[in-house]
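Each position in the sequence shown, counted from 1, maps to that position plus 93 in my numbering.
Only one structure is covered here, and it is reproduced in the block below.
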Amino acid sequence: MPQKEQLSDVLSEFARTMVTDFPIQRILDRLVERIVEILPITGAGVTLITPGADPRYVAASDESALQFEKLQTELGEGPCLLAYNSGEAVSVADLCEEGRFPTFASRALDAGLRAVFTFPLRSGTDRLGALDLYRDQPGPLGEETTTAAQTLADVAAAYLLNAQARAELSETSARSHYSSLHDALTGLPNRVLLLELLEFTLLRAIRSERLPAILFADLDQFKAVNDTYGHRVGDELLTAVAERLGDLLRPSDVLGRLSGDEFVMVCEDIDHPPQVVAIAERISSALGAPYNLSCGPVVMSASVGIAIADHGESAEDVLHRADMAMYQAKSKGRGRHHIIDVHEQKESDRRTALKFDLRTAVENQELHVDYQPIVNTTDRHIIGFEALLRWTHPTYGPISPSVFIPLAEEGGLIGAIGAWVLSQACEDRRRWSDVDSAVSLGVSVNISPFQLVESGFVESVIAILGGSNTGTEPALLTLEVTESVLLHDSARALLVLGELKQIGVNLSLDDFGTGYSSLNYLDRFPADILKIDQTFIERLEQGQSSQAIVASIVSLSRTLGIKVVAEGVETLEQHEFLSEIDCDACQGFYFSQPMPSHEIGILIDRPDANGAVRLPVYAGSDPA
Ligand code: C2E
Ligand code: MG
Ligand code: MG
94 MPQKEQLSDV
104 LSEFARTMVT
114 DFPIQRILDR
124 LVERIVEILP
134 ITGAGVTLIT
144 PGADPRYVAA
154 SDESALQFEK
164 LQTELGEGPC
174 LLAYNSGEAV
184 SVADLCEEGR
194 FPTFASRALD
204 AGLRAVFTFP
214 LRSGTDRLGA
224 LDLYRDQPGP
234 LGEETTTAAQ
244 TLADVAAAYL
254 LNAQARAELS
264 ETSARSHYSS
274 LHDALTGLPN
284 RVLLLELLEF
294 TLLRAIRSER
304 LPAILFADLD
314 QFKAVNDTYG
324 HRVGDELLTA
334 VAERLGDLLR
344 PSDVLGRLSG
354 DEFVMVCEDI
364 DHPPQVVAIA
374 ERISSALGAP
384 YNLSCGPVVM
394 SASVGIAIAD
404 HGESAEDVLH
414 RADMAMYQAK
424 SKGRGRHHII
434 DVHEQKESDR
444 RTALKFDLRT
454 AVENQELHVD
464 YQPIVNTTDR
474 HIIGFEALLR
484 WTHPTYGPIS
494 PSVFIPLAEE
504 GGLIGAIGAW
514 VLSQACEDRR
524 RWSDVDSAVS
534 LGVSVNISPF
544 QLVESGFVES
554 VIAILGGSNT
564 GTEPALLTLE
574 VTESVLLHDS
584 ARALLVLGEL
594 KQIGVNLSLD
604 DFGTGYSSLN
614 YLDRFPADIL
624 KIDQTFIERL
634 EQGQSSQAIV
644 ASIVSLSRTL
654 GIKVVAEGVE
664 TLEQHEFLSE
674 IDCDACQGFY
684 FSQPMPSHEI
694 GILIDRPDAN
704 GAVRLPVYAG
714 SDPA
């Protein structure tokens, strides 16, 4: 076949086979293979050149062609480099007469080469390398062959350029894919990758008895390092921490950096919690050793939270638990660890949800107040009621005030909620007092220590006592406060208590005996009433010492001119004992459960012959 036709065959073959993802090396191999078939030469070779880098791709039609390619690269001399640098074809018809690259010429001649014709691989201004045609006989190449060779070189260059652009693109996208999954400072997996790896670990664990543990380490006071020595030193420290943690890893473990000074380790196949505690201790001691940083030695500790994954738990959830556990560890002090269990987490999640929902409980009318009668110990007639707040959550149903009052205090809602209770209790009491029998019945309202010391509290009490719907004789209102009110800002609390006394309301010291210094506070707390906590009443039947304690509280109070209410009276025997020791009043399930406001309305409508309000006598109770 004439050379022209062969050339067009090769060109159309290039066009057909070199589809978009044809690799660079294959293009070069194909070029040298086909070119020796159609041109009068003994070998062909290609070298791709990138400025400043070693040649990356080389192709040769046979061993000796490869040898000549390598020789030129090694020597940094030869027609290939000249054609690449000049962008022009280089023709060496007889190597014996060649003076431009003497070392290459003499070594190539020794290896049997006589003529070289080199064509730059170029496309526009881009140059990629050169195509070398080798012949073991001297003599020029001929015009037609030269044109065919240059055409092939140009076409190949166009394909190469395309392939190179594609390779670069995929390399950049691989690099950006990598950097989107890794932390730039430490090279560790970032949150995204860590969650992905954790998800795989959890999937693997489905069929295993052994569950993975997630250890969440957070440096203690890392901010101080950044603030004192600057971010560069902070970065040095983080890198050192990453290295130390990396040294602790077993092959199946995963280590990642979430953000800042937060590192997470996922350890597979944990048999039992002590094993993970041992890992946490290794982490603490590894991170606790001094760091030699550019600013000098720095000492650091880390708090470690541990969560052992539960079957079916998502990666996000278990990581969240480990994070919670880390906060628990931090609250214990520096360099500590804490293992969180699923139950503890559920409880904490529920508390968070409740705290959130509590914000709208008043406006959604989910709160109401129940009233528990307080009775005179001797004749059991009702002397007043304690207002007890109730919350019916739309999903969880009734929530105990012992649960939600502390949440209201934490969430800064106690002031508003407490004011609502106070005004509701006064409004109800006012309505009952329309009935003669109830005119002198008092109402007791619990006041949180936080609520008491909030600014404007006394003013709000005054406003409610004087309100048109809530107007109440101050002497009929009792505010119940626990002694813990004196624990923090006792000066302020005592001031407020003094102001309340000035208004004329009664003060009751609630849950007396549960604090650790009750008698001490009795002296300072301007109490009118003392409520003996139900734990003392509960123990009355256990023996004489409990009875002696209750009796002496009653007698001490009498000496101080303070009235006593026994809380949590549940049995006839308790009531009898309290009568014997002259305890003024009682409150408890033995007499009545707390009840809704409308039931109080029914009670007061049926006074006894003396006009006193009494509780209905029920089976088993002792009619006074
Ligand atoms: P507390 O002020 O000591 O109220 C007495 C608690 O004992 C009430 O619980 C009452 O239902 C319960 N109780 C009454 N008699 C008996 C009995 O015979 N046996 C037993 N085992 N328990 C009895 P509750 O209603 O669950 O309230 C718990 C606590 O929540 C209250 O203790 C009080 O500290 C707080 N609380 C309730 N309402 C409010 C409020 O409006 N504001 C504030 N700040 N705290 C409130
Ligand atoms: Mg109370
Ligand atoms: Mg109490």
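Glycine included, C-beta positions come from ideal geometry on N, C-alpha and C.
| field | Inter-stretch contact (C-beta, 8 Å, three-pair minimum) for the stretch 530-540 and the stretch 564-577 | value | yes
| field | Residues near ligand 2, criterion Cβ-heavy atom distance below 5 Å | value | N539, E573 and D603
| request: Would you give the residue range spanned by the beta strand (DSSP E) that K624 belongs to? | output: I622 to I625
| message | Is the beta carbon of E170 closer than 9 Å to that of T196? | response | yes
| Does the distance from the CB of A395 to the CB of D313 come in under 9 Å? | yes
| Got a sec, what are the start and stop residues for the alpha helix (DSSP H) N703 sits in? | No alpha helix (DSSP H) contains N703, which DSSP labels as neither H nor E.
| So does the stretch 285-298 actually touch the stretch 399-417, counting three or more Cβ pairs closer than 8 Å? | yes
| said: Please identify the residue among F629, I674, E573 and T628 whose C-alpha is closest to the C-alpha of S648. | reply: I674
| query | What residue does the alpha helix (DSSP H) around K316 start on, and which one ends it? | reply | F315 to Y322
| request: Drop a sphere of 10 angstroms on the beta-carbon of V706, count the other beta-carbons inside from all chains shown, and report buried for 16 or more, exposed for fewer. | output: buried
| Residues bridged to A152 [DSSP beta-bridge criterion] | V139
| If you compare alpha carbons, which of G327, S352 and G349 is closest to N385? | G327
| Residue from F212, Q230 and K594 with nearest C-alpha to G205 | Q230
| In whole angstroms, what is the alpha-carbon distance linking L254 and T218? | 12 Å
| query | What's the gap between the Cα of A717 and the Cα of E631? | reply | Per-residue confidence for A717 stands at a pLDDT of 44, beneath the threshold of 50, marking its modelled position as unreliable; the derived number appears in the next sentence. So the two alpha carbons sit approximately 22 Å from each other.
| task | Using only the heavy atoms of ligand 3, determine whether one of them is closer than 8 Å to the beta carbon of Q517. | result | no
| said: Tell me the rounded alpha-carbon separation between V546 and R585. | reply: 7 Å
| query | What is the DSSP secondary structure of M393, reduced to helix, strand or coil? | reply | coil
| alpha helix (DSSP H) segment containing N255, residue limits | E236 to L274
| Cβ shell of D701 (< 8 Å), same chain only, five flanking positions each side left out | H474 and R707
| field | Assigned exposure category for Q637 - 16 Cβ within 10 Å defines buried | value | exposed
| field | Residues near D276 in its chain [Cβ-Cβ closer than 8 Å; skip 5 each side] | value | P282, N283, G349 and R350
| field | Closer than 8 Å: K594 CB and nearest ligand 1 heavy atom | value | no
| message | Am I right that F682 and E663 are in contact with their C-beta atoms under 8 Å? What's the rounded C-beta distance? | response | 5 Å
| For P172, is the classification buried or exposed, using 16 other Cβ atoms within 10 angstroms of its Cβ as the cut-off for buried? | buried
| task | Return yes when at least one heavy atom of ligand 3 lies under 8 Å from the C-beta of Q627, else no. | result | yes
| In three-state terms, what does DSSP make of F684? | coil
| Residue interval of the beta strand (DSSP E) (run including K423) | No beta strand (DSSP E) contains K423, which is instead part of the alpha helix (DSSP H) from A408 to S424.
| query | When every heavy atom of ligand 1 is checked, does at least one fall within less than 8 Å of the C-beta of P494? | reply | yes
| By DSSP, does V554 sit in helix, in strand, or in coil? | helix
| message | So, for Q243: in the same chain, excluding its five sequence neighbours on each side, which residues have a beta-carbon less than 7 Å away from its beta-carbon? | response | A182 and F212
| Backbone CA spacing between N599 and A620 [nearest angstrom] | 8 Å
| request: Mark C676 as exposed unless 16 or more other C-beta atoms lie within 10 angstroms of its C-beta, in which case mark it buried. | output: buried
| request: Leaving out five residues on either side along the sequence, give the residues of the same chain with a beta carbon under 7 Å from the beta carbon of A168. | output: Rather than Ala, the amino acid found at residue 168 in this sequence is Leu. T196 and F197, listed in sequence order.
| said: Suppose you measure from the CA of A108 to the CA of F115; what does that come to, to the nearest Å? | reply: 11 Å
| query | What is the DSSP secondary structure of F309, counted as helix, strand or coil? | reply | strand
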